[in-house]
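Data block below; observations after.
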């Protein structure tokens, strides 16, 4: 009786592969974490608190690259931070979006938010075309202006096949211009003939980052802060339909293009923003538990909020390391578009609230 030789199964070197991958990530992630810690400490200093830890980290990372250069050994870890960690942060960010509260505010708040996004996109792209600005960078800046700054830029960038340097540049410009706009709004808080609620709506509908809204709206009192954050959260909610619309558009364009161009378009079309499903799931989880009378413990929500900020801050460090100041010389026209659109959005929104 012939006995077939026993086939020996070679162990798959998964552990070795994972260790090698972690080793490759370590230099970049360590540097990003160190810069995030530096940015966090800078945000505690007088004057720097206006920027917040994310903006301080972004600026510190940009300065670090200009002073010490950029080693390719950092690239895998930096890329991991600006993709995986950032998307994890956006998923956790869903806990901050109480869908039930936003929807209960009714159509007026959502309609204003849609108007903000539509104006930012239409005015940004039209002005960018008029000034012959870089279309990709202009689109990212328009999305950041219309929704929620750097987080929206990061979410949309794979759907428009944006280069890493353009994504980082857009996030940096939004942080700088948004901080300046927030400071200007605070200085106008006692001058404008607006109630606390109206002032809060103005900041929530026009400022770029959630941190900018929280900072500026607080100058108008508790009512302003509440209305400002609700308006901003309504804008954040629009990130989901915008990303889905971009994915659908990319899929249609990929099918229509000639065979030679389909491969280039396939990447953007295939980049379905699955992390937004997690974003919605977390938001529904928080809202659903609260509606059922089982709200998440304050420690859990506070911990999730802190973790979200930490992950976003590390991601901002990675984005800052991707910024080459020399490249900003080619961003003069997109900067002009950002400034003009932000000013027009702020002014026109103010007129509707007077």
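In the working numbering, the protein residues as written are 625 to 978. Think of the CB as a built atom: it goes at the ideal place given N, C-alpha and C, for glycine as much as any other residue. No experiment lies behind these values; they were computed from the predicted model shown.
Same chain, Cβ closer than 6 angstroms to residue i, neighbours up to 5 away in sequence not counted
i	result
residue 970	830
residue 944	682, 685 and 686
residue 690	949
residue 858	726, 733, 734 and 737
residue 946	788, 789 and 792
residue 778	710
DSSP state of residue i mapped onto helix, strand, coil
i	result
residue 695	coil
residue 986	The chain is shown from 625 up to 978; residue 986 falls before or after that span and cannot be answered.
residue 772	coil
residue 834	helix
residue 876	helix
residue 852	helix
residue 979	Because the chain is modelled from 625 through 978, residue 979 falls outside the range shown and cannot be assessed.
residue 652	helix
residue 671	coil
residue 683	helix
residue 978	coil
residue 845	coil
residue 862	coil
residue 785	coil
residue 644	helix
Buried or exposed by the 16-neighbour rule on C-beta atoms within 10 Å, applied to residue i
i	result
residue 796	buried
residue 869	exposed
residue 714	buried
residue 692	exposed
residue 954	exposed
residue 851	buried
residue 668	exposed
residue 856	buried
residue 918	exposed
residue 753	exposed
residue 803	buried
residue 746	exposed
residue 863	buried
residue 956	exposed
residue 891	With a pLDDT of 48 at residue 891, under the threshold of 50, the modelled position of that residue is not reliable, and the figure given next carries that caveat. Residue 891 is exposed by the Cβ-count criterion.
Straight-line Cα distance separating residue j from residue i
i	j	result
residue 659	residue 695	15 angstroms
residue 903	residue 787	24 angstroms
residue 974	residue 814	14 angstroms
residue 837	residue 773	11 angstroms
residue 952	residue 805	20 angstroms
residue 750	residue 662	39 angstroms
residue 932	residue 716	6 angstroms
residue 963	residue 766	11 angstroms
residue 912	residue 925	14 angstroms
residue 978	residue 770	21 angstroms
residue 893	residue 873	Note on residue 893: pLDDT 45, under 50, position unreliable in the model; the coordinate value appears next. Each residue's alpha carbon lies about 8 angstroms from the other.
residue 853	residue 793	26 angstroms
residue 849	residue 901	28 angstroms
residue 757	residue 965	14 angstroms
residue 861	residue 776	11 angstroms
residue 664	residue 899	26 angstroms
beta-carbon residue i near the ligand NAP non-hydrogen atom, thresh 7 angstroms
i	result
residue 711	In the structure on display, the ligand NAP does not appear, and there are no ligands present to speak of.
Test: residue i CB closer than 8 angstroms to a CB of chain D
i	result
residue 862	Checking the listed chains, one finds no chain D in this structure; it contains a single protein chain.
Neighbourhood of residue i by C-beta distance below 8 angstroms, restricted to the same chain and skipping five residues each side
i	result
residue 819	847
residue 810	839, 840 and 843
Neighbourhood of residue i by C-beta, 7 angstroms cutoff - its chain only, sequence neighbours within 5 removed
i	result
residue 743	969
residue 938	656, 657, 660, 705 and 709
residue 1047	Here the chain comprises residues numbered 625 to 978, so residue 1047 is not present and cannot be evaluated.
residue 608	The structure shown does not extend to residue 608, since the chain spans only 625 to 978, so no value can be given for it.
residue 651	697, 698 and 701
residue 760	784, 786 and 790
residue 959	797
residue 823	813, 816, 844 and 848
residue 834	772 and 856
*Contained alpha helix (DSSP H) runs [length at least 4] in the segment 787-825, N- to C-terminal order*: 788-812
*asked:* I'd like the ranges of any alpha helix (DSSP H) spanning at least 4 consecutive residues and lying wholly in the segment 909-967.
replied: 922-945
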